[in-house]
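Count along the sequence shown from 1, then add 14; that gives the number in my numbering. Ideal Cβ placement from N, Cα and C applies to all residues, glycine included. To keep things clear, I will list the structure first and then write my remarks on it.
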Amino acid sequence: MKIQLKSLIESSKFTHFITTMILINAIIVGLETYPSIVREYESWFSIIDIIVLSIFTVEILLKLIIYRASFFKNGWNNFDFIIVVGSLLLYGSSFVSVLRIFRVLRVLRTITTIPTLRRIVTALFMAIPTISSVMVLMSIIFYVYAVIGTFLYAEVSPEFFGDLGLSFISLFQIFTLESWASGIFRPIFAEIPWSWIYFMTFIVIATFIMINLIVGEIVNNAQKISDEIESETKEIKEIKEDTSEIEELKKEVGDLKTMLQTLIDRK
């Protein structure tokens, strides 16, 4: 029975079913942001939400029965457990806002059911040490350029570079490439023609180089995870092949025993 349950919850059909329930939950939560739709179909939304939550609860219970304590050794399982238990505890309570947050967080369970998404998120977490170093370097660059910008452009553009704090905010806007040319750069450029050097170097260093460092680290980690999964899959395949060969040898030995027993009986 336990083996059958394990094969059930680990099957692709069961995974696809849970993913479908998560997507239905996401659609319902999205539709509930429209007051007119909620007024007309509120009872249906409640019924569907109860059904979806019940399915998630059964899924968690089945996994707990099969994996027991080892269930909590997996971080994704812990995430699923917290989301489902939190939804159950707060269901029907006065903490409506918190319950809604848990309902929205159920959408994140898509990550736990789709291996490729798990791989990307894992790669992101693996890149945190590198990202932290890049963020420190970026903070230094921001500080240096903010101080230089304040010294150079405080009189020309006091609304953007009047002090260190305003310079930080302006540089962050330039970093996002949001209306920086018309709003910040061109008025200063009209007064100080060589100011383009300051802005261009900042954009190249902070926006392009730093972001590419972060993306490159995440992609590198994702490739490592893919290689590890491929290696593990290959090992499992080899083990299965070895197991099948052992079974064939056992069968041949059994046939030989039968033949020997038959010869002995004849004598």
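Since I believe Ile17 is in contact with Leu76 (beta carbons under 8 Å), could you give me their beta-carbon distance rounded to a whole number of angstroms?
-> About 13 Å separates the two Cβ atoms, so there is no contact after all.
Buried or exposed by the 16-neighbour rule on C-beta atoms within 10 Å, applied to Val161 | exposed
Quick one: residues in its chain with C-beta nearer than 7 Å to the C-beta of Ile155, no 5 flanking neighbours on either side, listed in chain order?
-> Ile219 and Ala220
Starting from Ala40 and walking both ways along the alpha helix (DSSP H), at which residues does that stretch end?
-> Ser26 to Leu45
Which value, in whole angstroms, describes the spacing of the CA atoms of Phe116 and Ile97?
-> 6 Å
Using CA coordinates, which residue listed in Leu37, Phe203, Ala40 and Val233 is at the minimum distance from Ile145?
-> Val233
Can you check whether the CB of Leu185 is closer than 8 Å to the CB of Tyr212?
-> no
Presumed contact (8 Å Cβ cut-off) between Thr164 and Phe175, rounded CB distance | 5 Å
Which residue's Cα is closest to the Cα of Ser171: Asp241, Phe95, Ile38 and Phe203?
-> Phe203
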